[in-house]
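Protein chains in written order, with my numbering: chain A, 276 to 390; chain B, 22 to 133. For each residue, glycine too, the CB sits at the ideal point set by N, CA and C.
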Amino acid sequence: DGGITQSPKYLFRKEGQNVTLSCEQNLNHDAMYWYRQDPGQGLRLIYYSQIVNDFQKGDIAEGYSVSREKKESFPLTVTSAQKNPTAFYLCASSNPRAVNGYGYTFGSGTRLTVV
Amino acid sequence: RKEVEQDPGPFNVPEGATVAFNCTYSNSASQSFFWYRQDCRKEPKLLMSVYSSGNEDGRFTAQLNRASQYISLLIRDSKLSDSATYLCVVNNPTGGGNKLTFGTGTQLKVEL
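Spelled out as structure tokens, the structure:
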């Protein structure tokens, strides 16, 4: 079955360390996204990519970096510059040609905790 | 002003009740509208799209008022399994793609 896979499910990181969250999809979707969710808050867009080798900053890109070398993969690196990295990170993919957004599929998320 | 605003709740309702959620959005150029459901500590899942003509899926009815930039979701005969957070979501076009903006969600708790 096609889907989007995030790993790991839980991640603990020491302060000052960089960490990379994995996101892989086999849906043949062109666009991929990273969102962050904090308790009591909505999803906030970190980065998105509409095509391989291209990506744009979202609303809260500071302290994060991404790459899009393959269509299937969109890893997110949380750097030591990110002041409050503890959060629930969600990756999503979509088919831009799906006008009504039915192609917007989420992975099951990664819970990052800085210790 | 937030792009998408929702009452955070929680809405505590008895089983069988009818409950209505509202949402407003600020970008008049927004093209598509959705309700997503998110269970505790899980990813959001698409519940239904929202059209100006209104659309219904079983016990769920969604409505869009473009003039007022207002979206609603009505749940009839609520079940315990409806307990979740309901996210109002707006699609703002961006250079040929689509980028969804999420409200903070309205929490629903259905009780016996």
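Secondary structure of residue 95 of chain B (DSSP, three-state): strand.
Here the stretch 32-41 of chain B does not lie against the stretch 59-71 of chain B, with fewer than 3 beta-carbon pairs under 8 Å apart.
Of all alpha-carbon atoms in B/54, B/35, B/105, the one lying nearest the alpha-carbon of residue 123 of chain B is that of B/54. For a Cβ distance threshold of 8 Å, residue set 64, 65, 66 of chain B lies close to residue 381 of chain A, ordered along the chain.
For residue 319 of chain A, same chain residues with a beta-carbon under 7 Å away, outside a window of 5 residues either side, are 310, 311, 334, 335 in chain order.
Three or more Cβ pairs drawn from the stretch 355-372 of chain A and the stretch 285-293 of chain A lie within less than 8 Å of each other, which places the two stretches in contact.
Of all C-beta pairs linking the stretch 322-333 of chain A to the stretch 288-307 of chain A, three or more are shorter than 8 Å, placing the two stretches in contact. The distance from the Cβ of residue 385 of chain A to that of residue 296 of chain A is about 5 Å, consistent with a contact at the 8 Å cut-off. Per DSSP, residue 329 of chain A is one residue of the beta strand (DSSP E) stretching across 329-332. Closer than 9 Å at the C-beta level to chain B, one finds these residues of the stretch 310-331 of chain A: 310, 312, 315, 316, 317, 318, 319, 320, 323, 325, 326, 331. Under the criterion of beta carbons closer than 8 Å, residue 83 of chain B and residue 56 of chain B qualify as touching, at roughly 6 Å. Listed in chain order, the non-local C-beta contacts of residue 91 of chain B below 6 Å within the same chain comprise 45, local neighbours out to five positions each way being set aside.
Beta-bridge pairing by DSSP links residue 31 of chain B to no other residue.
For residue 313 of chain A, the three-state secondary structure derived from DSSP is coil. Shown here for residue 47 of chain B: same chain residues with a beta carbon closer than 6 Å to its own, the five before and five after excluded, namely 22, 24 in chain order.
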